[in-house]
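*Asks:* Dropping the structure in here first, questions after.
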Amino acid sequence: AGMTCTADTEAFEFQSIYGLEVVVIPTNRPLQRKDLPDQIFMTGAEKFEAIADEAKQASDRGQPVLVGTASIEASELLSRLLRQRGLRHEVLNAKQHEREADIIAQAGRPGAVTIATNMAGRGTDIVLGGNIDDALEALEEGDEVGRQRLQDEWQKTHDAVLEAGGLYVIGSERHESRRVDNQLRGRSGRQGDPGASRFYLSLEDALMRIFTPPRLRSMLQNLGLEHGEAIEHKWVTRAIENAQRKVESHHFDIRKQLLEYDNVANDQRQVVYEQRNEIMDNDDVGDIVENIWDEVVNDVISQHVPPQSLEEQWDVDGLSEAIQRDFGQELPIQQWLDEDSKLDEEGLRDRIAAELKQTYEAKREEAGPDVLAQIEKAVLLQVLDSLWREHLASMDYLRKGIHLRGYAQKDPKNEYKREAFEMFNDMLSRLKHETVTVLARGRVRAEATEEAREERRKQMENLDFQHAEASSAADQAVAAAAQQQAGEGGPDPAEQAARANLPGSDAPTDRVPGDGDQRPETFVRGERKIGRNEMCPCGSGKKFKHCHGRD
2 AGMTCTADTE AFEFQSIYGL EVVVIPTNRP LQRKDLPDQI FMTGAEKFEA
52 IADEAKQASD RGQPVLVGTA SIEASELLSR LLRQRGLRHE VLNAKQHERE
102 ADIIAQAGRP GAVTIATNMA GRGTDIVLGG NIDDALEALE EGDEVGRQRL
152 QDEWQKTHDA VLEAGGLYVI GSERHESRRV DNQLRGRSGR QGDPGASRFY
202 LSLEDALMRI FTPPRLRSML QNLGLEHGEA IEHKWVTRAI ENAQRKVESH
252 HFDIRKQLLE YDNVANDQRQ VVYEQRNEIM DNDDVGDIVE NIWDEVVNDV
302 ISQHVPPQSL EEQWDVDGLS EAIQRDFGQE LPIQQWLDED SKLDEEGLRD
352 RIAAELKQTY EAKREEAGPD VLAQIEKAVL LQVLDSLWRE HLASMDYLRK
402 GIHLRGYAQK DPKNEYKREA FEMFNDMLSR LKHETVTVLA RGRVRAEATE
452 EAREERRKQM ENLDFQHAEA SSAADQAVAA AAQQQAGEGG PDPAEQAARA
502 NLPGSDAPTD RVPGDGDQRP ETFVRGERKI GRNEMCPCGS GKKFKHCHGR
552 D
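Here it is in structure tokens:
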């Protein structure tokens, strides 16, 4: 269940799509707000001029005014018109979000004028007379005299606002949804307080241009209204509300269609996440892998050896290549057929499945059941997540162009469901095939014992890392020594080592001495380094790079 003040206009959508009933709760106190008929002008400029004049008149008589606009541009235009009339006001839009709470707190003071966009300040009550909570908190603790004085002053301003008519809400245009208009009207007349609301429209508004009947527009244009003169009639207001209903119906159809498309992906999402949760909850997914394994093996065999077929219809070479590609195992299938002339399709299928299963079980024994169980779970999850991401991207791509099927006299919605179902089945088949392929072709080594790990660590500590050239030269020397020991008459190892400039040879070498030798001294330049673009110190008048620094 939920509660909102503007769901009544969307009751049909809640019922038809979500199966939720909308119940209207009576107000706590009788509504005293006066919802005045709309005023329609010929142009937008006349409309905004009339709004500014109305706001000034209401402010002069001490009535707080809230002007609602549909855009920041409209709020800035109204602000400029009010400044021209010398009327102090506050603008509440996206540019003033830091002061939003302070502006709303004082929007109910006598004569206050506040311009707000659609969503600015929503959900906050405008207290008639202003909010004194901040002033009360600023008082020193125990200052009952000051507290009583502030409350008496607030009560006077509150009564003055009530006498002036309460909060006056002015709408600069009708929105496409009646719900938004009701939200704006609802800022006034809360908890039985008096108030008033009125919308100002023009024939240049988007709603009037697009959705109102052409007959209404032509009738208003033929009335011969003078500049600044407005039309005010309940019939016109009713016609505008009917135009809003058309817009709401159009948007409802769009949302309903989007929901029907989303339900296709949502059904698939439930299947995938149910399978994924099952994998996550089980530490041992051996049963799942076994079922997938048998299904993939049968599918691979059936592609080259159709069920209940003759040997002449078999593609033995293709089957051998497929098993080598998918399972990484070479099976002498042709040799089996040559050795056993009675081997039929069912017998061949069983023998291949048994050989592949035996190889996989040997891998399980080598790695250990616990290790392979972890690998199976990790592979299943990784392949499933990867394919699911690809599938969602493909679904979005399909959805963007499925409307073109309508040109072929096909229902795009049914075509989307059909192709989405085929794509989902293909994803599940790829999931099984790729999982089995990764597990079959993967190499798993048994966990090393503690003694083996300690021995390997000691070997790493004793390694003597050398430069690649030194290692190459050492390899040449070792090869020469082995060649001489074999009696092939190769060069002397000492001579070969000297030629390779190995450490320990008598030949001169440019290598850094060992740890026991003295480290080379750092070269220190005795004179200042001359820049390439500086004048040569020889006095030739040329730059150093063109004189002695040329080389």
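Per the numbering used here, the sequence shown runs over residues 2 to 552. Cβ coordinates follow ideal geometry from the N, Cα and C atoms, glycine included.
In terms of residue numbering, what span does the alpha helix (DSSP H) encompassing G287 cover?
*Replies:* G287 to H305
*Asks:* List the whole-angstrom C-beta distance separating G112 from G63, where the pair is believed to meet the contact cut-off of C-beta under 8 Å.
*Replies:* 5 Å
*Asks:* For my contact list, H159 and L129 are in at a C-beta cut-off of 8 Å; report their separation, rounded to the angstrom.
*Replies:* 6 Å
*Asks:* Are S198 and D61 touching if we call contact CB-CB under 8 Å?
*Replies:* The answer is no: Cβ separation not under 8 Å.
*Asks:* When you compare only the Cα positions, how much space is there between E11 and K257?
*Replies:* 13 Å
*Asks:* Could you give the first and the last residue of the continuous alpha helix (DSSP H) run that contains S387?
*Replies:* First-last of the alpha helix (DSSP H) with S387: P370 to G402.
*Asks:* How would you call Y262, buried or exposed, if buried means at least 16 neighbouring beta carbons within 10 angstroms?
*Replies:* buried
*Asks:* Buried or exposed: where does S387 fall if 16 or more other Cβ atoms within 10 Å of its Cβ makes it buried?
*Replies:* Taking all protein chains in view, the Cβ of S387 is surrounded by fewer than 16 other Cβ atoms within 10 Å, so the residue is classified as exposed.
*Asks:* Do you know offhand how far K414's Cα is from L429's?
*Replies:* Pairing K414 with L429, the inter-Cα distance amounts to about 23 Å.
*Asks:* In chain order, what residues of the same chain have a beta carbon less than 7 Å from the beta carbon of A53, not counting five sequence neighbours either side?
*Replies:* Same-chain partners within the cutoff: L79, L82, L83 and R86.
*Asks:* Between which two residues does the beta strand (DSSP E) containing V23 stretch?
*Replies:* Looking at the DSSP string, V23 is not in any beta strand (DSSP E), and its letter there is neither H nor E.
*Asks:* Do you know how far the Cα of A46 is from the Cα of G229?
*Replies:* 9 Å
*Asks:* Less than 8 Å separating the beta-carbons of I104 and T118?
*Replies:* no
*Asks:* Return the first residue and the last residue of the beta strand (DSSP E) that V92 is part of.
*Replies:* Here the beta strand (DSSP E) through V92 covers E91 to L93.
*Asks:* Just to confirm before moving on: does the CB-CB distance between E535 and K544 stay below 8 Å?
*Replies:* yes
*Asks:* Given this structure, state the Cα-to-Cα distance separating I293 from L440, to the nearest angstrom.
*Replies:* 11 Å
*Asks:* Relative to the C-alpha of E346, which candidate in R431, P538, F422 and S310 has its C-alpha closest?
*Replies:* S310
*Asks:* Quick one: measure Cβ to Cβ for F253 and E14, integer angstroms, because I've assumed they're closer than 8 Å.
*Replies:* That pair is a contact at about 5 Å.
*Asks:* Kindly give me the distance between the Cβ atoms of D295 and H305, rounded to whole angstroms, as I take these residues to be in contact under 8 Å.
*Replies:* Not a contact, Cβ separation roughly 17 Å.
*Asks:* Looking only at C-alpha atoms, which of G225, G187, N223 and I241 sits nearest to R210?
*Replies:* I241
*Asks:* As a quick exercise: from L382, Y417 and R444, pick the residue whose alpha carbon is nearest that of R365.
*Replies:* R444
*Asks:* With distances taken from CA atoms, which of G109, S76, R34 and D288 is nearest G190?
*Replies:* R34
*Asks:* Looking at the unbroken beta strand (DSSP E) that takes in S173, where does it start and where does it end?
*Replies:* That residue, S173, is in no beta strand (DSSP E); it is neither H nor E in DSSP.
*Asks:* Using alpha carbons as the reference points, say which of I376, G172, H234 and D9 lies closest to M281.
*Replies:* I376
*Asks:* Quick check: the Cα distance between L320 and N278, rounded to an integer number of angstroms?
*Replies:* 35 Å
*Asks:* Which runs of the alpha helix (DSSP H) at least 4 residues long sit entirely within the region 94-155? Give them in chain order.
*Replies:* 101-106 and 134-139
*Asks:* Would you mind sorting Q58 into buried or exposed? The rule is 16 or more other CB atoms within 10 Å of its CB.
*Replies:* Label assigned to Q58: exposed.
*Asks:* List the endpoints of the continuous alpha helix (DSSP H) containing I559.
*Replies:* Here the chain covers residues 2 to 552 and nothing more, so residue 559 does not appear.
*Asks:* For R444, would you say it is in contact with chain C, using Cβ-to-Cβ distances shorter than 8 Å as the test?
*Replies:* Among the chains in the structure shown there is no chain C, since it carries only a single protein chain.
*Asks:* Here's the rule: buried if 16 or more other CB atoms are within 10 angstroms of the residue's CB, otherwise exposed. What is I26?
*Replies:* Classification of I26: exposed, given that the 10 Å Cβ count is below 16.
*Asks:* So the alpha helix (DSSP H) Q16 belongs to, where does it begin and stop?
*Replies:* A12 to Y19
*Asks:* Could you check where the beta strand (DSSP E) with P195 kicks off and where it finishes?
*Replies:* Bounds of the beta strand (DSSP E) holding P195 are P195 to S203.
*Asks:* Which residues mark the beginning and the end of the beta strand (DSSP E) in which K35 is found?
*Replies:* Q33 to D36
*Asks:* Take the Cβ of D397 as the centre, count every other Cβ of all protein chains shown within 10 Å, and call the residue buried at 16 or more, exposed below.
*Replies:* exposed
*Asks:* Kindly list the residues whose CB is nearer than 6 Å to the CB of R442, restricted to its own chain and excluding five residues on each side of it in sequence; keep chain order.
*Replies:* Here the set comprises G329.
*Asks:* Helix, strand or coil for I531 per DSSP?
*Replies:* Coil, per DSSP.
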